[in-house]
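Below: one structure, written as structure tokens.
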Amino acid sequence: MTDALMTAAAEVFGRYDIWLIVLAAAVYGVFVGAVPGLTATMAVALFVPMAAWLDPVAAIAAIVTMVACAIFAGDIPTTLLRIPGTPASAAYADDAYAFAQRGEADRPLGAALLCSVAGGVFGAVMLMLLGGQLARVAVVFSVVESFWLYLLGLTSAVLVSRGSTTKALLALVIGLLLSTVGLSAVHVDARFTFGRPELYQGISFIPAMIGLFGLSEVIRNLASGTASTDQPKPQAALLSGRLLTSLKNTLAAGLGQLRRRPRQTLRSSSIGVVIGMLPGAGADIAAWISMAVSKRLAGNYETDQPDRSSLNRISDATAANNAAVAGSWIPALVFGIPGDSVTAIVIGVLLMKNITPGPQVFVDQPEMVFSIYLVFLLANLMLLPVGLLAVQLGGVLLRVPRAVLLPVIVLFCVTGAYALNGSLFDVGVMLVMGIVGFLLERRGVPLGPVVLGIILGGPLEERFIQSLTAGGGLLGLINRPIAAGLAAVCGLLWLTLARSLAWRRGPVPDL
Amino acid sequence: MIGCSSDLPRHEPACGFRTYAMSTRSSRGRGLLWRLLVVSVGLLGVVGCGSRSEFPSQPIVLICPWSPGGGTDRVSRQLATQLSQSLGVPVNVVNATGGGGVTGHTRGAVARADGYTLTMATVELNMLHWRGLTKISPDDFEPLALCNRDAAAVFVRSDSPWQTLADLEATIAREPGRLRASGSARGSIWHVAVAGWLLEQGLPADAIAWVSINGSGPSLQELLAGGVDLICCSVPEARGLLAGGELRCLGVMAESRHPLTPDVPTFREAGCDWVLGGWRGLMLPLGVPEERAAVIREAVLRTVESDAFAQFMETAGFNLTTGGPAKFEQLLVTFDRTFKEIFATAAIDAVSESPIGPYGFPLILGGIGAGLLVLLVGRGQLQLQTDALRLTWRDLPRLLLVPVAVAFFMLTTESLGFVIAATGMLLGLLLVVRVHPLTATVVTLLLVPAVYQLFAVQLGVPLPWGILGW
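So, in structure tokens, the structure goes:
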């Protein structure tokens, strides 16, 4: 094993072309992640024809780096424009955007970057040390356990929402209802499509997310009629003058956050790895659950300083979502089962290189496996400098006068929504969701749970009905030990929720 | 002359935006803007030119009805790369997913018949219309070339008691309804393969309960987790676990044995006269002018028969079965007949019963949502937020600004093209919020072509082409 590790280390760190490829992939990944509507999956799929020219380690290095960087870069438009780049960022979009509006965009971005790197590095180490054992855990997850996990993720989204729990629950139900539009996977029955073939695909969450957060903010700003006189908020650090000072400030903001909460970051990263490797669960659920866990375990999560607790949420979520990226590779490598579309493409690339992912590859080509692990480490370390620079570049956006910026955001929302599927229907979804988001926010209904509802509604229903067919009746939902455990956790959380939902005089306290 | 001096006559406030946002700019700043305007118009010329008369002169869209990373997507992207080399224009893969294949096939069939849209059709095209999910059938396409046929195969865990297909059939016959299977969604090709096999052996089609799980990956996971007893999918989809000894393949529903599993008998060899599998092939919508169709057909045929494609299919583990339009047409007719019979027996309907109907879940949700609304309204919590804007009817024009702009884009982009529609939308919005006309023009002229260049050229997103070669 040590021999294989040494060979792999020489292969990964000793080759200058690998460093160059990782650097190029990091820039590409950050760019794709930062443009709303472009996804990591799209970036990787576009890269595949190029992968044919590279050797396996280089090809994998490029893909790993792209994905790790893209998921962080999603935080840049989230913070600066309130357009979540990834669904995981929707969990803290409002928190991060509030900083930018106060002129402190460097603080959430610094925290997000450093925690992303920490989470990613932790994920890589876990992959290296425990990948095989964790995969054994992953394969005991059947549809029943997935069902409870989705429910746990949805419950977490309600728990961590700011403001009234009832409104968060309403937001979640709206999202879940929207997810039922289209051809239901499990019944193969067209619902709420009114005979229109475009509606068969249902409401995709990326245009919905761009509309709910990004476009609704533009509508709100333009409705106020002050857009033309608003001056951009001078940012305390971002590109305020010398690049070096600005870099230092961003870095310091992130490091301070890491130093203050080492245990919480570790916990969020572990949650990220474990949830990421489970079938059908990814970075989005990981982000929400880790926020909920931190909130339940740490009494002072919501401190008396609102900006401190905002930063804590951002840190937990970003650490978890980057760790989840590493976690999702565990079942792909160990069993050749793709956990998401990115790992499905990776398996394709590996097969193209005559490597069949699965138990056998650990025996036959251990140095290949170690190379992949080390590439994960390298990719996350590369994220630090590239991410720092990207944050500074993004800061330019904040110097543009709002009257110019707002119409430009509309252009990006439209193009991003169109880019996902090349369909004007998605642009329409984006527009309608923008109006819905504007109306909901006026009544204080949070938008994050709507997004998670749209994402998880379909799988939740599917897993529920699959559990009933596979397990035979309602008892089948709890007659497996892990399922019963997850069910108990869900039950406890609902009790807490029910207590805060109960009729009380006066305003309901924030949960 | 607009905007050369800073003391412009102030216009009446339109929609309440009072001043030019950047009217305080110095005349030196203006000079810079003018220069930028000249540069951007020059750039427009460079980026926008290049209209050739011969076909194809624009990027081609290849619609893949399934998601990135899947088998169909991989084949599509390989073909797209090779086709773009032989046709000399970019071939962009668009994953129009959803609806169990309805979305992608429908988009491919109703696409403009100008030869710039190809569809990677799959076996579902033969099935969806018999299931009443769409009216689109193979008759709506002009088949170009068949690329691949993959047979169904049956897998069990290697620690299961069944060593041969006969063992499995004996268990099913002894205890009908006990075993659970999956591989894909209900009514999908792998489900039909299992149902057809059971019917062929004189067993009821619901002797195995079908758990509807989307995709072979999650189904394999479920098999390992013990949630189902057997899986039906193609051999390449399970090759990792098969090589690792986690799975056992009991039989392949093909005419001959699969090269990846030379020891596994076909169903015919095991005494069951049943052959079924999926196919993939490229198609054009009906009505493409013959001289264009001929160019595409020739390029596609050359590509699928190339050595590079054969090598790709071999390493990826896909079975390479190619054929021209005539052979493809023949295959479509045969498949359509097979599926008509299977779906007519109602065998699939019998096993399609789900414990909760399609409207069960929305009904429960609707109930909860209504309850929450009553609760919130009852407590008076759904009032406007204290920091929300007070809007009156007079504010309506400003509220409608963004919806009208986006609607304008949606209505015009297909006919005028992305660049013109986006320019109209952006310039209009900028002017309405009282950005100085010169600034607005420069921003629009720089940004729209840059976005177009980035998305359409660099990232291969097929933004609509319009008049003027954009």
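Chains Z and H supply the protein sequences, listed in that same order. Numbering of the first sequence is given in my numbering, commencing with residue 13 and proceeding in unit increments. Numbering of the second sequence is given in my numbering, commencing with residue 688 and proceeding in unit increments. Beta carbons: idealized from backbone N, C-alpha and C, even for Gly. Predicted model only: the values in this text are computed from it and were never measured.
- H:Ala-1003 is the residue among H:Glu-811, H:Ala-1003 and H:Trp-817 whose C-alpha sits nearest the C-alpha of Thr-368 of chain Z.
- Secondary structure remark: continuous alpha helix (DSSP H) runs of at least 4 residues inside the stretch 757 to 800 of chain H, in chain order: 758 to 774 and 789 to 797.
- Judged by pairs of C-beta atoms under 8 Å, the stretch 931 to 951 of chain H does not touch the stretch 857 to 869 of chain H, as fewer than three such pairs exist.
- Closer than 8 Å to the CB of Gln-1068 of chain H there is at least one CB belonging to chain Z.
- Taking CB atoms only, Arg-1081 of chain H has no neighbour in chain Z less than 8 Å away.
- By the neighbour-count criterion, in which a residue is buried when 16 or more other Cβ atoms sit within 10 angstroms of its Cβ, Ala-981 of chain H is exposed.
- For Val-789 of chain H, the neighbours in chain Z by C-beta distance under 7 Å run, in chain order, Leu-195, Pro-209 and Tyr-212.
- Put simply, the stretch 352 to 361 of chain Z touches the stretch 754 to 762 of chain H. At least three CB pairs are less than 8 Å apart.
- When only Cα atoms are considered, Gly-965 of chain H and Leu-270 of chain Z end up about 52 Å apart.
- For Val-843 of chain H, the enclosing beta strand (DSSP E) stretches over residues 828 to 844.
- Note on geometry: alpha-carbon atoms of Ser-282 of chain Z and Pro-976 of chain H lie some 59 Å from one another.
- Using a Cβ-Cβ cut-off of 8 Å, Ile-72 of chain Z does not count as an interface residue toward chain H, since no Cβ of chain H sits closer than that to its own.
- Trp-966 of chain H is bridged by DSSP to H:Arg-836.
- A Cβ-Cβ separation of about 7 Å places Gln-1072 of chain H in contact with Arg-455 of chain Z under the 8 Å criterion.
- Sequence-distant partners of Gly-1153 of chain H (beyond 5 residues in either direction) whose C-beta falls short of 6 Å from its own C-beta, in its chain, are Leu-1103, Gly-1104 and Ile-1107.
- Put simply, the CB of Glu-909 of chain H is near chain Z, with a gap under 8 Å to one of its CB atoms.
- Looking at Z:Ala-20, Z:Ser-101 and Z:Cys-425, the one whose alpha-carbon comes closest to that of Gly-460 of chain Z is Z:Ser-101.
- Using beta-carbon distances, Gln-372 of chain Z counts as an interface residue toward chain H, with a partner under 8 Å.
- CA-to-CA, the gap between Arg-308 of chain Z and Ile-750 of chain H works out to about 47 Å.
- Straight across, the Cα-Cα distance linking Leu-141 of chain Z with Val-152 of chain Z is about 20 Å.
- Taking 8 Å as the CB threshold, Met-1097 of chain H lines the interface with chain Z.
- DSSP, reduced to helix, strand and coil, places Ile-1051 of chain H within a helical segment of the structure shown.
- Apart from the 5 residues on each side of it in sequence, Met-138 of chain Z sits with its Cβ closer than 6 Å to the Cβ of Val-285 in its chain, given in chain order.
- In this model, Gly-370 of chain Z and Arg-114 of chain Z are separated by some 50 Å (Cα to Cα).
- Residues Ala-202 and Tyr-212 of the same chain have their beta carbon placed closer than 6 Å to that of Leu-195 of chain Z, with the five preceding and five following residues left out of the count.
- For Asn-366 of chain Z and Arg-844 of chain H, the gap between their C-alpha atoms comes out near 25 Å.
- About 28 Å separates the beta carbon of Leu-410 of chain Z from that of Ala-183 of chain Z, a gap too long to meet the 8 Å contact definition.
- By the criterion of a C-beta distance shorter than 8 Å, Thr-205 of chain Z is surrounded in its chain by Val-193, Gly-194, Leu-195, Leu-211 and Tyr-212, once the five residues flanking it on both sides are discounted.
- By the 16-neighbour rule on beta-carbons within 10 angstroms, Glu-741 of chain H is exposed.
- Between the stretch 289 to 297 of chain Z and the stretch 338 to 353 of chain Z there are three or more inter-stretch CB-CB distances shorter than 8 Å, so the stretches are counted as touching.
- From the beta-carbon of Arg-455 of chain Z, the residues of chain H found nearer than 9 Å are Leu-1063, Gln-1068, Leu-1069, Gln-1070, Leu-1071, Gln-1072 and Ala-1075.
- Just measuring C-alpha positions, the residue of Z:Val-416, Z:Tyr-162, Z:Asp-87 and Z:Gly-26 sitting nearest Gly-122 of chain Z is Z:Asp-87.
- Within chain Z, no residue has its beta carbon less than 9 Å from that of Leu-1018 of chain H; the closest one is some 24 Å off.
- By the CB criterion at 8 Å, Leu-323 of chain Z and Leu-126 of chain Z fall outside the cutoff.
- Closest option to Tyr-1139 of chain H, judged by alpha-carbon separation, among Z:Phe-424, Z:Glu-453 and Z:Gly-470: Z:Phe-424.
- For Gly-456 of chain Z, there is no enclosing alpha helix (DSSP H), as DSSP gives it neither H nor E.
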